[in-house]
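**Student:** So that we are looking at the same thing, I have put the structure below in structure tokens.
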Amino acid sequence: MGRTSRNSHGTALLSNARKTLPSKGGSAAARVAMLVAVALLVAAVLKSVGIQGANGGLSARLATAQEPSVQADNTWAAPNAAPSTPPSVTPPSVAPPSETPPSVTPPSVAAPASQAVRLTIDPNAWSVGSGSSVAESSVRNVWLLVSSVLVLTMVAPGLAMFYGGLVRKKNVLGVIMQCVFLLGLMPTLWGLYGYSLAFGRGGPDRGPGGGANTRPPTGGMATESAAIARNRPLDPVIGDFSHVGMRGVQPRWSAELGRPVSPLRAGVPVASHMLFHGMLFTVAAAVISGAFAERMRFVSFALFAALWGTVVYCPLCHWIWDGGLLARGSGWAGGAIDFAGGTAIHVSAGVSALVCALVMGKRLGHGNEPMPPHNLTYTTLGAALLWAGWFGFNAGRASEHDGVLSMPMAATQFAAAAGTLAWAGAEWWTRGRPSVLGACSGAVAGLVCVTPAAGYIELPAALAMGLAAGWACCFACNRLKTALGYDDSLDAFGVHGVGGAIGMALTGVFATRNVADPAISLGAPLGLVDGSAGLIAGQLVAVGVAAVYSAVATFILLKLLDTVLGLRVTHDEEIQGLDVSQHGEEGYIFL
């Protein structure tokens, strides 16, 4: 008997799903409810964005009146404040006429409201100064370290469980082992040379969007690289070797101060900056593994991950985040802004995953044998861990105080929520009932889409991006994959490639100076909601460049490895399963 064709998520194809709908009354009621819900949500999004845009000028003026400003002499000017009550003064004692009057120290008087309090910025500082600077730097550093841990949990147990539940039970350990092994391999490579290639000393300190951070770090903090000029011809293409072997990352002894001092970047120790970005480096490689699940040799996988990270990720990271070819201001077509990895992580990993699926071919029995997820409980728990870890993924890129940190956190939450509703709603509309897997996939799609925009958009825009990603990625993982006939085992391209590209494009629409760091907007209109369409071109160019470069480089790497080692396991090993054939273990043993 024929079987309803299913994709890797175990969801019936949209073209055949209507045949198995429940009663027409129930289906009609569900569709009416979905239409009303979507109409109300879209209306709320459009209305809110419109109101925010109309008030943008006033908001900008108010922000200018209240926030510190950068002075020409490289100092901070604090906002005007009402003069404080002068402190009480005790009159000095009067000496006898025959004696010399003692010197009198005049009482301190509060500065007039028209005068600004200035904090001098040392552009060559290697360590944090004193007072409030220490407190602020400590908070930012602690949050970056916490974010690093959150991103680590995205790989394992998050992605390991999410992917592990989607494969057949004979391959569950193989998928989990890939994620765990990457936690050892990728950070090691990142520390030895990857960080240097991506964030070498070639240029000034970079802000969250990749453009030059013209705004001095708050509270007297500065960076080691701020005083280093860009003078290498390859600076726009790749970093240098200044941090190879973790040089210039660790504290050094200062004979002048008589204590160790730490090099800083973006107001935090370089070691913390390196650690956090090493986690992103690991996530990108782990995402690709979903495309060739259940059929790639482990030794080939390990070498491919190392080579891909070196050849693909490090240059892209430098291009978008360290003043390279795609950076805002100096990049092609005016450059792009990418808050937390739409290009370097999601577009590059998604497109590379598609190339892997095409080069390696389909799994044995694909399209003829049932290949449903073996444990959706694992997948659901993994999705929840990914959702939680994504707060560190996005908000960890925030380099400023709480006012900026709160927006990436909130945007991440609302985009994931909207993506969950959108994918589940699409299934409800086409199949008559939503699935747990669809809701989990929608959450991840929303998270992927908002990643490049999290620090630049208002919250209604995050809802809109989540809705767009949920619907578009659901279509890509069902209709598009079926039409093209490729076997992307766990839909790495359909979710990350498609979702990342949509997110980058919509960042050009929804990015606003009301939210973005002034170092990114420079006070000028940013995205289409601000009345400027120029950013969209830079965003689309960045997506195209990242996609083409990733595809070509990945294809060459795969062909090279296939010639030297071979990519796929043998026919018998694939039937036996990767757990036993590659690792000599089984995921489930019942005695």
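If you use the numbering used here, the sequence shown closes out at 1295, no skipped numbers anywhere.
Even for Gly, the Cβ is constructed at its ideal location relative to N, Cα and C.
1. Just to confirm my understanding: we take residue 1257, look at its own chain, exclude 5 residues before and 5 after, and list those with CB closer than 6 Å. What are they?
2. Tell me whether residue 1276 is buried or exposed, calling it buried when 16 or more other Cβ atoms sit within 10 Å of its Cβ.
3. If contacts are defined as beta-carbon pairs under 8 Å, then residue 960 and residue 1282 qualify, I think. What distance do you get, rounded to the angstrom?
4. For residue 1158, tell me which candidate among 1211, 1203 and 1183 has the shortest Cα-Cα distance.
5. To the nearest whole angstrom, what separates the beta carbons of residue 1054 and residue 1196, a pair I think is in contact under 8 Å?
6. What first and last residue would you give for the beta strand (DSSP E) that runs through residue 958?
7. Three or more beta-carbon pairs under 8 Å between the stretch 1200-1220 and the stretch 1035-1052, yes or no?
8. Looking at the secondary structure, which residues open and close the beta strand (DSSP E) in which residue 965 lies?
9. Roughly how far, in whole angstroms, is the beta-carbon of residue 861 from the beta-carbon of residue 1089, given that I think they are within contact range, below 8 Å?
10. With DSSP as the reference, please indicate the residues paired to residue 1070 in a beta bridge.
11. Cβ of residue 1199 within 8 Å of Cβ of residue 1126?
12. Tell me whether the beta-carbon of residue 1028 lies closer than 8 Å to the beta-carbon of residue 940.
13. With DSSP as the reference, label residue 1272 as helix, strand or coil.
14. Identify, in the order they occur along the chain, each residue of the same chain with its Cβ nearer than 7 Å to the Cβ of residue 1291, setting aside the five sequence neighbours on each side.
15. Between which residues of its own chain and residue 1063 is the CB-CB distance below 7 Å, once the five residues before and five after are set aside?
16. When the Cα atoms are used, what is the spatial distance from residue 954 to residue 947?
17. Going by C-alpha to C-alpha distance, which of 969, 987, 1133 and 1041 sits closest to residue 1217?
18. According to DSSP, simplified to helix, strand and coil, what is residue 1229?
19. If we count Cβ pairs, one from each stretch, closer than 8 Å, do we get three or more for the stretch 1001-1013 versus the stretch 1066-1077?
20. Output needed for residue 853: all residues of its chain with C-beta closer than 8 Å, excluding positions within five of it in sequence on either side, in chain order.
21. Please state whether DSSP places residue 1158 in a helix, a strand or coil.
22. So, residue 1177 versus residue 1084, is the Cβ gap smaller than 8 Å?
23. Put residue 1295 into one of helix, strand or coil per three-state DSSP.
24. Can residue 987 and residue 1204 be called in contact, C-beta distance under 8 Å?
25. So is residue 1123 buried or exposed if we call it buried at 16+ other beta carbons inside 10 Å?
26. Do you know whose CA, among 857, 899, 936 and 894, lies nearest residue 880's CA?
27. Kindly indicate which three-state DSSP category residue 951 falls into: helix, strand or coil?
28. Would DSSP call residue 1194 helix, strand or coil?
29. In the structure shown, what three-state DSSP assignment does residue 973 receive?
30. Can you tell me the Cα-Cα spacing of residue 868 and residue 1169, whole angstroms?
31. Note down, in chain order, each residue of its chain lying with its Cβ closer than 7 Å to the Cβ of residue 1243, except the 5 sequence neighbours on either side.
32. Between the C-alpha atoms of residue 1115 and residue 1140, what's the straight-line distance to the nearest angstrom?
**Tutor:** Taking the geometry as given:
1. Stepping through the sequence shown from its first residue, residue 1257 is reached at position 553. For residue 1257, where only same-chain residues beyond five positions count, the Cβ hits under 6 Å are 1015 and 1016.
2. For the purposes of this step, residue 1276 is taken as residue 572 along the sequence shown, with counting starting at 1. Label assigned to residue 1276: exposed.
3. Within the sequence shown, numbered from 1, the residue matching residue 960 stands at position 256. Within the sequence shown, numbered from 1, the residue matching residue 1282 stands at position 578. About 57 Å; that fails the 8 Å criterion.
4. Taking the first residue of the sequence shown as 1, we reach residue 1158 at position 454. Residue 1211 is the option with its Cα nearest to residue 1158.
5. Here residue 1054 is taken as the residue at index 350 of the sequence shown, counted from 1. Here residue 1196 is taken as the residue at index 492 of the sequence shown, counted from 1. Correct: roughly 6 Å between the Cβ atoms.
6. Against the sequence shown, residue 958 aligns to sequence position 254. Start and end: 956-958.
7. yes
8. To locate residue 965, count along the sequence shown from 1; it is residue 261. Unbroken beta strand (DSSP E) run through residue 965: 963-965.
9. As a position in the sequence shown, residue 861 is number 157, starting the count at 1. As a position in the sequence shown, residue 1089 is number 385, starting the count at 1. Indeed they touch by this definition, with Cβ atoms about 6 Å apart.
10. Position 366 of the sequence shown, counted from the start, is the residue given in the question as residue 1070. Answer is 1073.
11. Start at 1 with the first residue of the sequence shown, and residue 1199 comes out as number 495. Start at 1 with the first residue of the sequence shown, and residue 1126 comes out as number 422. No, these two residues do not count as a Cβ contact at 8 Å.
12. For this step, residue 1028 is matched to residue 324 along the sequence shown. For this step, residue 940 is matched to residue 236 along the sequence shown. Against a cut-off of 8 Å, the Cβ pair of residue 940 and residue 1028 comes out as a contact.
13. Working through the sequence shown from its first residue, we reach residue 1272 at position 568. If DSSP states are grouped into helix, strand and coil, residue 1272 belongs with the strands.
14. As a working mapping, residue 1291 is identified with position 587 in the sequence shown. Within the same chain, residue 1291 has close Cβ partners 873, 876, 877 and 1283.
15. Along the sequence shown, one-based indexing puts residue 1063 at 359. Once the five neighbours on either side are set aside, the close Cβ partners of residue 1063 are 1259 and 1262.
16. Along the sequence shown, one-based indexing puts residue 954 at 250. Along the sequence shown, one-based indexing puts residue 947 at 243. Roughly 10 Å between the two C-alpha positions.
17. Taking the sequence shown and counting its residues from 1, the one referred to as residue 1217 is at position 513. Minimum Cα distance to residue 1217 is reached at 1041.
18. What you label residue 1229 is simply residue 525 of the sequence shown in a count that begins at 1. DSSP places residue 1229 in coil when its eight states are reduced to three.
19. no
20. As a position in the sequence shown, residue 853 is number 149, starting the count at 1. Here the set comprises 1096.
21. Counting from 1 along the sequence shown, the entry for residue 1158 is found at position 454. DSSP places residue 1158 in coil when its eight states are reduced to three.
22. For this step, residue 1177 is matched to residue 473 along the sequence shown. For this step, residue 1084 is matched to residue 380 along the sequence shown. No, these two residues do not count as a Cβ contact at 8 Å.
23. As a working mapping, residue 1295 is identified with position 591 in the sequence shown. Coil at residue 1295, not helix or strand.
24. Stepping through the sequence shown from its first residue, residue 987 is reached at position 283. Stepping through the sequence shown from its first residue, residue 1204 is reached at position 500. No.
25. As a position in the sequence shown, residue 1123 is number 419, starting the count at 1. By the 10 Å Cβ count, residue 1123 comes out buried.
26. Reading the sequence shown from its first residue, position 176 is the one you call residue 880. Residue 857 is the option with its Cα nearest to residue 880.
27. Indexing the sequence shown from 1 puts residue 951 at position 247. Note: residue 951 maps to coil in three-state DSSP.
28. Start at 1 with the first residue of the sequence shown, and residue 1194 comes out as number 490. The answer is coil: DSSP assigns residue 1194 none of H, G, I, E or B.
29. Taking the sequence shown and counting its residues from 1, one reaches residue 973 at position 269. Strand, per DSSP.
30. Stepping through the sequence shown from its first residue, residue 868 is reached at position 164. Stepping through the sequence shown from its first residue, residue 1169 is reached at position 465. Whole-angstrom Cα-Cα distance: 28 Å.
31. Position 539 of the sequence shown holds residue 1243. Excluding residues within five positions, the ones whose Cβ falls inside 7 Å are 1040, 1208, 1209, 1211 and 1212.
32. Residue mapping note: residue 1115 aligns to position 411 of the sequence shown, counting from 1. Residue mapping note: residue 1140 aligns to position 436 of the sequence shown, counting from 1. Approximately 23 Å between the Cα atoms of the pair.
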